[in-house]
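Colleague: In the numbering used here, the protein residues as written are 1 to 228. Think of the CB as a built atom: it goes at the ideal place given N, C-alpha and C, for glycine as much as any other residue.
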Amino acid sequence: MNEIIASVNRYGALFLSGTISTLTLSFLTVLFGVIFGTMFAMMKLSKKKILNVPANIYIEIIRGTPIFLQLVLIYFGLPQIGVRFPNIDGFAFFPECMSALIALVMNSTAYVAEIIRAGITSIDKGQTEAARSLGMPENMAMKLIILPQAYKNILPALCNEFVTIIKETAIVSVVGYQDLMYAAQQVRIDTFKVFPPLLVAGAVYFVLTFTTSRLIAVLEKRWARSDA
């Protein structure tokens, strides 16, 4: 216990910086995951093969392969085909940040697309037919009637995706992204002690995920009351 307290006191700033990086990466991942996930969900639901076939292939490949593999392919594979992220002055780890963000967004997009697709298909088809009977174009009906209801139904699932992403970001430390796990590894290298920094990182992850889960539970109760 004394070693853990000593690690927090000495490397508190490093752990705080890593925690902020983890939360920032998680938020951006979910944000872009919802944006691109909506696009792929619409493509998958499309009756046009030129849209639904690529969407199905993408979703199945991403969901069927480990996120670690996707991250490594982006970080080490892209430079070998001539795609390199520039080093920006004052932002020494920009390539690592971009690789981590792209890999997580790609992965999250596939899972969020399925969540959104399920939300859209859960809406009564009669609402779409009613919109058409009023002369509303299909795209407008989807935008103004179907999607808002679908998002409301799947909001808890999207919030849980955020909790999952917080934990999954730990993997990006392998490419040098300075997240919470990277901070724990730096402390381990500096002190030659394994358990104290890892226990501190584990405690922080638990606090982040537990707090987020509790907030989600409170929001779900409020949504249930509003529906009632």
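Taking Cβ positions, are I74 and A113 nearer each other than 8 Å?
Modeller: Numbered from its first residue, the sequence shown carries residue 74 at position 74. Numbered from its first residue, the sequence shown carries residue 113 at position 113. The answer is no: Cβ separation not under 8 Å.
Colleague: On the premise that I115 lies in contact with I146, defined as a C-beta separation below 8 Å, what is that separation, rounded to the nearest angstrom?
Modeller: To locate residue 146, count along the sequence shown from 1; it is residue 146. To locate residue 115, count along the sequence shown from 1; it is residue 115. That pair is no contact at about 15 Å.
Colleague: Classify A41: buried if its beta carbon has 16 or more other beta carbons within 10 angstroms, exposed otherwise.
Modeller: What you label residue 41 is simply residue 41 of the sequence shown in a count that begins at 1. Answer is buried; the Cβ neighbour count reaches 16.
Colleague: Where does F192 fall in DSSP's three states?
Modeller: Taking the sequence shown and counting its residues from 1, one reaches residue 192 at position 192. If DSSP states are grouped into helix, strand and coil, F192 belongs with coil.
Colleague: Quick check on N87: buried or exposed, where buried means 16 or more other Cβ atoms within 10 Å of its Cβ?
Modeller: Here residue 87 refers to the residue found at position 87 when the sequence shown is read from its first residue. By the neighbour-count rule (16 or more Cβ atoms within 10 Å), N87 is not buried but exposed.
Colleague: Can you give me the C-alpha to C-alpha distance between I189 and A201, rounded to a whole angstrom?
Modeller: Reading the sequence shown from its first residue, position 189 is the one you call residue 189. Reading the sequence shown from its first residue, position 201 is the one you call residue 201. Near 15 Å, if we compare the C-alpha coordinates of A201 and I189.
Colleague: Note down, one range per segment and in chain order, each alpha helix (DSSP H) of at least 4 residues found wholly within the segment 71–130.
Modeller: Counting only runs of 4 or more, we get 94–121.
Colleague: Considering Y58, what are the terminal residues of the alpha helix (DSSP H) in which it resides?
Modeller: For this step, residue 58 is matched to residue 58 along the sequence shown. First-last of the alpha helix (DSSP H) with Y58: 49–63.
Colleague: Can you find the residues in the same chain that come closer than 8 Å, C-beta to C-beta, to Q70, ignoring five residues on each side of it along the sequence?
Modeller: For this step, residue 70 is matched to residue 70 along the sequence shown. Only I62, A103, M106, N107 meet the Cβ criterion.
Colleague: Taking the straight line between their C-alpha atoms, what separation do you get for V83 and F15?
Modeller: For the purposes of this step, residue 83 is identified with residue 83 of the sequence shown, where counting begins at 1. For the purposes of this step, residue 15 is identified with residue 15 of the sequence shown, where counting begins at 1. Each residue's Cα considered, the two are about 32 Å apart.
Colleague: Can you tell me which of F68, Q186, A141, V218 puts its alpha carbon nearest to the alpha carbon of R10?
Modeller: Mapped onto the sequence shown, residue 10 falls at position 10. Answer by Cα proximity: Q186.
Colleague: Could you say if the segment 18–30 and the segment 165–185 meet the contact criterion of at least three C-beta pairs nearer than 8 Å?
Modeller: Yes, they touch.
Colleague: What are the boundary residues of the alpha helix (DSSP H) that includes V163?
Modeller: Stepping through the sequence shown from its first residue, residue 163 is reached at position 163. That run of the alpha helix (DSSP H) goes 147–168.
Colleague: Classify L148 as buried or exposed, calling it buried when 16 or more other Cβ atoms lie within 10 Å of its own Cβ.
Modeller: The residue labelled residue 148 in the question sits at position 148 within the sequence shown. For the sequence presented, residue 148 should be read as Pro rather than Leu. Looking at its Cβ environment, which holds fewer than 16 other Cβ atoms inside 10 Å, P148 is exposed.
Colleague: Would you say the segment 126–133 touches the segment 191–200, given that touching needs at least three Cβ pairs under 8 Å?
Modeller: Cβ pair count under 8 Å is below three, so no.
Colleague: For the candidate residues W223, P54, Y177, whose alpha-carbon lies nearest to that of L101?
Modeller: Indexing the sequence shown from 1 puts residue 101 at position 101. The option with the nearest alpha carbon to L101 is Y177.
Colleague: Cβ of N153 within 8 Å of Cβ of S173?
Modeller: To locate residue 153, count along the sequence shown from 1; it is residue 153. To locate residue 173, count along the sequence shown from 1; it is residue 173. It is not a contact, given that the beta carbons lie outside the stated cut-off.
Colleague: Can you say whether M140 is buried or exposed, counting buried as having 16 or more other CB atoms within 10 angstroms of its CB?
Modeller: Translated into positions along the sequence shown, residue 140 becomes position 140. Answer is exposed; the Cβ neighbour count stays below 16.
Colleague: Counting only the same chain and skipping the five closest in sequence on each side, list residues whose C-beta sits under 8 Å from that of R132.
Modeller: In the sequence shown, counting from the first residue as 1, residue 132 sits at position 132. Result list for R132: E138, A141, in chain order.
Colleague: In three-state DSSP terms, what is Q185?
Modeller: Translated into positions along the sequence shown, residue 185 becomes position 185. Q185 falls in the helix class under three-state DSSP.
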